[in-house]
Amino acid sequence: MNNKIQIFDTTLRDGEQVPGCQLNTIEKIEIARQLEKLGVDIIEAGFPVSSPGDFNSVVEISKNIKEPVICALTRAVNKDIEVAAESLKHAKRKRIHTGIGTSEFHIKNKLNSNPEDILKRAVAAVKFARKFVDDVEFYAEDAGRSDNEYLARVIEAVIKAGATVVNIPDTTGYCLPQEYGEKIAYLVNNVPNIDKAVISTHCHNDLGMATANTLAGIVNGARQVEVTVNGIGERAGNTSLEEVVMAIKSHHALDYETGVNATEIIKSSKLVSTLMRMPVQPNKAIVGRNAFSHSSGIHQDGVLKSRQNYEIIDPAEIGLKESAIVLTARSGRAALRHRLQLLGYEVEAEELEDVYQRFLDFADKKKDINDEDLEILAGREKKKGKPPIELVSLQVMCGKSTIPTATVQVSFKGDVFTETASGNGPIDASFTAVKNLVKRRVRLEEFLIQAITRGSDDLGKVHVQVEHKGDIYYGFSAHTDIVTASVEAFLDALGKIS
Ligand code: KIV
Ligand code: ZN
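Here it is as structure tokens:
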């Protein structure tokens, strides 16, 4: 058996199912391009029948990506398969990923069916998909809780029908590593034609064991792993790409390899986190902000004597470079541009001027400008251009024994409007004033403030989700003043309502 592990990235499909993480087509292409640079073998680009937006994203990703196989998800339904095939028309290398639930829970309670009917539907779906493409992956949904004997029968039948890859998802993240490993071993030993297909893992992290289960799958014969950047995905997420790749890379005794260029890991992680508005937990393995920082005196001393005392991975291996240039309010444009380039941002002269002015403003308030701050400064300029509704001024009155009151001035298409309102806090008062001004029926669905914080002078990042006539609009801003950041984020979302 060969030792190359195929990396199947499902950040844009399973990852994108996370509420609030939806991307537009341009953002998806940007992530797909980064995944190509990262060196993944397969990109699951979406579930085309689910919406016109998803269909369009698969079409555009197919046009823009050359190396990885582009994969589209379907149910075991002919219409889904036809639509998936159509969306993959432009892909250089294409795969249809079809499947159905095989656990007793799914067969009885979800599909209201019986095992023999499910087996027939699985075979029919694979045969139908093979009419359109040569590469068909079959998923046995909830395989983690499926009876192994029945699962083996289904897998044998779908391989006979033409499946080239068989995916064994632990859909609910229930399996223990040994149990999941034994499931893969059972299939290797009991499916007579298993050598005609690649076995794939697809593990969810509900019990925090997705990476361990995936590795157990590999050790027992799986040669494809389904993963997401930062481990994002339904509920507690999917197996994290960077954890599996770096576990394989760090443990030579395992003797497996992937085609991933690990130095692109941090950049991929940051791009996904920024575009999906999904912060990475600081202690997340490999890509968390604290993953390579040492705080206790004993650890610092140990690392200074030899990095390996407390680090199993050289941060440079995953693309984490500590820049030697320290940016302060006295830094010039060239230093700023250089540091932005190191972070992967190409800024044109005019844009640089904007970012530089914002940088100076910020550097006056904050002593230590880190890469994260810069990405916010640059990312904001890069993404937004001139917003349709802009905050001109904001004055708040709050404190103990004071009724929180805010006076907000915004400019809309060149005209300036002012409104004062009170509320149960300065943000509530400001939002009420804004709502009175814009006169739209909007509902705040989600409001997230993150003080990423190393100090009280740090940036506060604010993400909001606003509902208007059944649609959701996202807004973001960052500022050292969290009330200002909140109002700007709110206006950012309102400005997107056409
Ligand atoms: O978790 C799961 O079972 C899935 C399948 C659709 C592959 O995501
Ligand atoms: Zn899944």
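Numbered according to our numbering, the sequence shown spans residues 1453 to 1950. Note that CB positions come from ideal geometry on N, CA and C, so glycine has one too.
Check: Cβ of E1803 within 7 Å of any heavy atom in the ligand ZN?; Outcome: no
Check: Quick check on A1776: does DSSP put it in helix, strand or coil?; Outcome: Reliability of the predicted coordinates at A1776 is poor, the pLDDT of 42 falling under 50, and no value is obtained from them.
Check: Restricting to runs no shorter than 4 residues, where is the alpha helix (DSSP H) found entirely within the stretch 1834–1905?; Outcome: 1878–1890
Check: Under 7 Å: does the beta carbon of V1690 sit that close to some heavy atom of the ligand ZN?; Outcome: The sequence given here places Asn at residue 1690; Val does not occur at that position. Yes, the beta carbon of N1690 sits closer than 7 Å to at least one heavy atom of the ligand ZN.
Check: Please tell me whether G1711 and D1461 are closer than 8 Å, where the distance is taken between their beta carbons.; Outcome: no
Check: State buried or exposed for N1566, treating a residue as buried only when at least 16 other CB atoms are found within 10 Å of its CB.; Outcome: exposed
Check: Does the ligand KIV have a heavy atom nearer than 7 Å to the CB of D1466?; Outcome: yes
Check: When you measure from the CB of E1686 to every non-hydrogen atom of the ligand ZN, does any distance come out below 7 Å?; Outcome: yes
Check: Grab the span of the beta strand (DSSP E) containing P1621 for me, first residue to last.; Outcome: V1617 to D1622
Check: Over the uninterrupted alpha helix (DSSP H) stretch that includes Y1602, give me the two end residues.; Outcome: N1600 to A1613
Check: Cα separation between G1875 and K1852?; Outcome: 14 Å
Check: Once you ignore the five residues that flank L1829 on each side, which residues in its own chain have a CB closer than 7 Å to its CB?; Outcome: V1807, R1810, F1811 and F1814
Check: Could you check if I1478 is buried or exposed, using at least 16 other CB atoms within 10 Å of its CB as the buried criterion?; Outcome: exposed
Check: The ligand KIV and Y1808: does the residue's C-beta get closer than 7 Å to at least one heavy atom of that ligand?; Outcome: no
Check: Distance check for G1633 and N1672, CA to CA, integer angstroms please.; Outcome: 6 Å
Check: Let's test the definition: count the other Cβ atoms within 10 Å of the Cβ of D1802 and tell me whether it reaches 16, buried, or not, exposed.; Outcome: A small correction: the amino acid at residue 1802 is Glu; Asp does not occupy that position in the sequence shown. That one is exposed.
Check: What does a CB cutoff of less than 6 Å around V1521 pick up in its chain, not counting 5 residues either side in sequence?; Outcome: I1494, R1545 and R1547
Check: Can you round the beta-carbon distance between A1528 and R1573 to whole angstroms, since I take them to be within the 8 Å contact cut?; Outcome: 5 Å
Check: Between A1674, C1473 and V1732, which has its C-alpha nearest G1927's C-alpha?; Outcome: C1473
Check: Could you pull out every residue in the same chain whose Cβ sits closer than 6 Å to the Cβ of A1581, ignoring the five residues on either side in sequence?; Outcome: I1533, I1548, T1550 and V1588
Check: Once the 5 residues before and after K1948 are set aside, which same chain residues still bring their CB inside 8 Å of it?; Outcome: Y1925, Y1926 and G1927
Check: Flag P1767 as yes when its Cβ comes closer than 7 Å to any non-hydrogen atom of the ligand KIV, and as no otherwise.; Outcome: no
Check: Where DSSP assigns a beta bridge to K1722, which residues make up the other side?; Outcome: According to DSSP, which records beta bridges pairwise, K1722 is partnered with nothing at all.
Check: Would you identify the three-state DSSP class for A1786, choosing helix, strand or coil?; Outcome: helix
Check: Three or more beta-carbon pairs under 8 Å between the stretch 1646–1664 and the stretch 1619–1634, yes or no?; Outcome: yes
Check: Check for me: the beta strand (DSSP E) holding S1652 runs from which residue to which?; Outcome: V1650 to C1655
Check: Rounding to the nearest angstrom, what Cα-Cα distance links E1512 and A1577 in this structure?; Outcome: 25 Å
Check: Confirm the yes/no value for this check: CB of P1436, any heavy atom of the ligand ZN, distance under 7 Å.; Outcome: The structure shown has nothing for residue 1436, since the chain only spans 1453 to 1950.
Check: Check for me: the beta strand (DSSP E) holding D1594 runs from which residue to which?; Outcome: Neither: D1594 is in no beta strand (DSSP E) and is coded neither H nor E.
Check: Using a Cβ-Cβ cut-off of 6 Å (strictly less than) and excluding sequence neighbours within five positions of V1890, which residues of its own chain qualify?; Outcome: L1946
Check: Please find out if some non-hydrogen atom of the ligand KIV comes closer than 7 Å to the beta-carbon of L1772.; Outcome: no
Check: For L1826, which residues from the same chain have a beta carbon less than 7 Å from its beta carbon, with the 5 sequence-adjacent residues on both sides left out?; Outcome: R1791, L1792 and L1795
Check: For E1556, verify whether its CB is less than 7 Å away from any heavy atom of the ligand KIV.; Outcome: no
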